[in-house]
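Undergrad: Below is the structure I would like to discuss, written out as structure tokens.
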Amino acid sequence: MGKQINFYIDAETEKCIITRLRTAGCVFAEDEARLLISEAQTLGILADMVERRAAGFPLEHIIGWADFCGIRIAVEPGVFIPRRRTEFLVQQAAYLAMPGDIIVDLCCGTGAVGAALAAVLGWIELYAVDIDPTSVRCARRNINGVSGNVYEGDLYHPLPTKLRGCVHILVANAPYVPTEAIKLLPQEARKYEVRVALDGGAEGLDVQRRVAAEALSWLAPGGHLLVETSQRQALQTVEIFAQNGLIPQVTNCDELDATVVIGTRPFL
Ligand SMILES: C[S@@+](CC[C@H](N)C(=O)[O-])C[C@H]1O[C@@H](n2cnc3c(N)ncnc32)[C@H](O)[C@@H]1O
Numbered sequence: 203m204g205k206q207i208n209f210y211i212d213a214e215t216e217k218c219i220i221t222r223l224r225t226a227g228c229v230f231a232e233d234e235a236r237l238l239i240s241e242a243q244t245l246g247i248l249a250d251m252v253e254r255r256a257a258g259f260p261l262e263h264i265i266g267w268a269d270f271c272g273i274r275i276a277v278e279p280g281v282f283i284p285r286r287r288t289e290f291l292v293q294q295a296a297y298l299a300m301p302g303d304i305i306v307d308l309c310c311g312t313g314a315v316g317a318a319l320a321a322v323l324g325w326i327e328l329y330a331v332d333i334d335p336t337s338v339r340c341a342r343r344n345i346n347g348v349s350g351n352v353y354e355g356d357l358y359h360p361l362p363t364k365l366r367g368c369v370h371i372l373v374a375n376a377p378y379v380p381t382e383a384i385k386l387l388p389q390e391a392r393k394y395e396v397r398v399a400l401d402g403g404a405e406g407l408d409v410q411r412r413v414a415a416e417a418l419s420w421l422a423p424g425g426h427l428l429v430e431t432s433q434r435q436a437l438q439t440v441e442i443f444a445q446n447g448l449i450p451q452v453t454n455c456d457e458l459d460a461t462v463v464i465g466t467r468p469f470l
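Residue numbers for the sequence shown follow our numbering, beginning at 203 and rising by one.
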């Protein structure tokens with residue numbers, strides 16, 4: 203059912219909203235104002251949305267969704283908002299995957315990566331895991347439509363054991379910000395996204411290390427682990443993959459400022 207709009211905003215009011223947002227530091231004040239107006243159901247709700255945005259609350263948490271790979275992904279306050287750069291992880295995984303593949307999305311957050319892969323590939327057998335209960339709730343909403351399975355827990359722990367040795371594609375946008383660098387992140391991430399979504403430990407590699415350590419036993423021969431990382435960390439990720447028996451390869455996308463390391467399980 204479409205949203206019922208029971209108020210009218212004249213040009214003067216829209217201008218005031220834009221000015222309020224711009225003064226608060228919103229770079230895309232016009233676009234954001236239009237979006238807030240189109241999402242609010244009443245004038246009271248709109249006023250509240252504008253004030254929360256002006257106070258620095260992330261736009262996506264206010265409207266309740268984010269655009270990712272052209273799909274509307276439900277996001278609740280606190281969860282990691284899917285980033286544009288992660289669309290490169292989806293592209294790389296989609297390139298290596300086939301319809302019908304068993305795909306695991308570890309550290310799935312809102313389930314954006316798995317949902318986008320399902321949209322691109324058509325039917326896939328999708329399993330997604332996250333440790334944060336709110337993210338799991340969002341992922342269930344986002345992945346429900348593509349009949350995926352979402353589990354709450356630590357990395358591989360909640361996955362059905364029947365998947366061992368059978369996974370074709372294992373994607374993980376695990377937290378990779380070094381603990382000390384968290385204070386340098388924009389306020390929207392630092393203040394409004396759960397810490398467990400960002401903090402990758404001293405070098406930013408703690409969770410990646412744990413993902414890589416068990417990957418070989420879950421991947422099918424010839425299967426791939428794909429991890430988003432930063433250009434700076436990519437060589438360390440490559441080493442970690444190689445130490446764990448995966449054949450590593452680095453891929454970059456300048457346009458999205460994205461780096462993905464792919465590790466392939468050898469056939470023999
Ligand atoms: C950088 S966010 C990425 C979320 C999502 N994959 C995306 O790209 O939008 C990292 C996610 O990893 C989850 N996470 C952190 N440690 C985890 C663990 N040990 N087991 C499962 N999930 C974990 C966080 O809750 C968060 O949702």
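The beta-carbon is built from N, C-alpha and C at its ideal position, and this holds for glycine as well.
Using 9 Å as the threshold, is the C-beta distance between Ile305 and Val409 below it?
TA: Against a cut-off of 9 Å, the Cβ pair of Val409 and Ile305 comes out as no contact.
Undergrad: Tell me whether Val373 sits in a helix, a strand or coil according to DSSP, three-state version.
TA: It is a strand residue.
Undergrad: Could you name the residues of the same chain whose beta carbon sits closer than 8 Å to that of Ala256, not counting the 5 residues immediately before and after it, in chain order?
TA: Arg222, Leu223, Thr225, Ala226, Cys228.
Undergrad: Assign His426 to one of three DSSP states: helix, strand, or coil.
TA: In this structure, His426 counts as strand in the three-state DSSP scheme.
Undergrad: Hey, would you say the C-beta of Val315 is under 8 Å away from at least one heavy atom of ligand 1?
TA: For ligand 1, at least one heavy atom lies less than 8 Å from the Cβ of Val315.
Undergrad: Would you say Ala498 touches ligand 1, meaning its beta carbon is less than 8 Å from a heavy atom?
TA: In the structure as shown, the chain begins at 203 and stops at 470. Residue 498 is therefore absent and cannot be evaluated.
Undergrad: Within 10 angstroms of its Cβ, does Arg397 collect 16 or more other Cβ (buried), or is it exposed?
TA: It counts as exposed.
Undergrad: Report all residues from its chain with a CB closer than 7 Å to the CB of Gly417; omit the five preceding and five following residues, and keep chain order.
TA: It is worth fixing the name first, because residue 417 is Ala in this sequence and not Gly. Contacts found: Leu372, Leu427, Asn446, Leu448, Gly465.
Undergrad: Provide the residue span of the beta strand (DSSP E) that contains Ala295, from first to last.
TA: Taken as a continuous stretch (DSSP letters only), Ala295 belongs to no beta strand (DSSP E), being part of the alpha helix (DSSP H) at 289-298.
Undergrad: Ignoring anything shorter than 4 residues, give me the alpha helix (DSSP H) runs that lie fully in the region 388-412, in order along the chain.
TA: Counting whole runs of 4 or more residues, the region 388-412 contains the alpha helix (DSSP H) stretches 389-394.
Undergrad: Could you give the distance in angstroms between the alpha-carbon of Asp269 and the alpha-carbon of Ala330?
TA: Spanning the two alpha carbons is a distance of roughly 19 Å.
Undergrad: CA-CA distance, Gly316 and Arg342?
TA: Roughly 11 Å between the two C-alpha positions.
Undergrad: With a cut-off of 8 Å, do at least 3 Cβ pairs link the region 246-265 to the region 350-358?
TA: No, the region 246-265 is not in contact with the region 350-358.
Undergrad: So the alpha helix (DSSP H) Thr453 belongs to, where does it begin and stop?
TA: That residue, Thr453, is in no alpha helix (DSSP H); its beta strand (DSSP E) goes 449-455.
Undergrad: Output needed for Ile220: all residues of its chain with C-beta closer than 7 Å, excluding positions within five of it in sequence on either side, in chain order.
TA: Here the set comprises Ala231, Glu232, Ala235.
Undergrad: So what does DSSP say about Asp459, is it helix, strand or coil?
TA: In this structure, Asp459 counts as coil in the three-state DSSP scheme.
Undergrad: In the DSSP assignment, find the unbroken beta strand (DSSP E) run with Ile239 in it and report its ends.
TA: No beta strand (DSSP E) contains Ile239, which is instead part of the alpha helix (DSSP H) from 231-241.
Undergrad: Identify the continuous beta strand (DSSP E) that holds Val352 and give its terminal residues.
TA: It spans 351-354 - the beta strand (DSSP E) in which Val352 sits, taken as one unbroken run.
Undergrad: Among all the DSSP beta bridges, which residues are the ones paired with Pro280?
TA: For the record, residue 280 in the displayed sequence is Gly; it is not Pro. According to DSSP, which records beta bridges pairwise, Gly280 is partnered with Glu395.
Undergrad: Between which two residues does the alpha helix (DSSP H) holding Ile345 run?
TA: Taken as a continuous stretch (DSSP letters only), the alpha helix (DSSP H) holding Ile345 covers 335-346.
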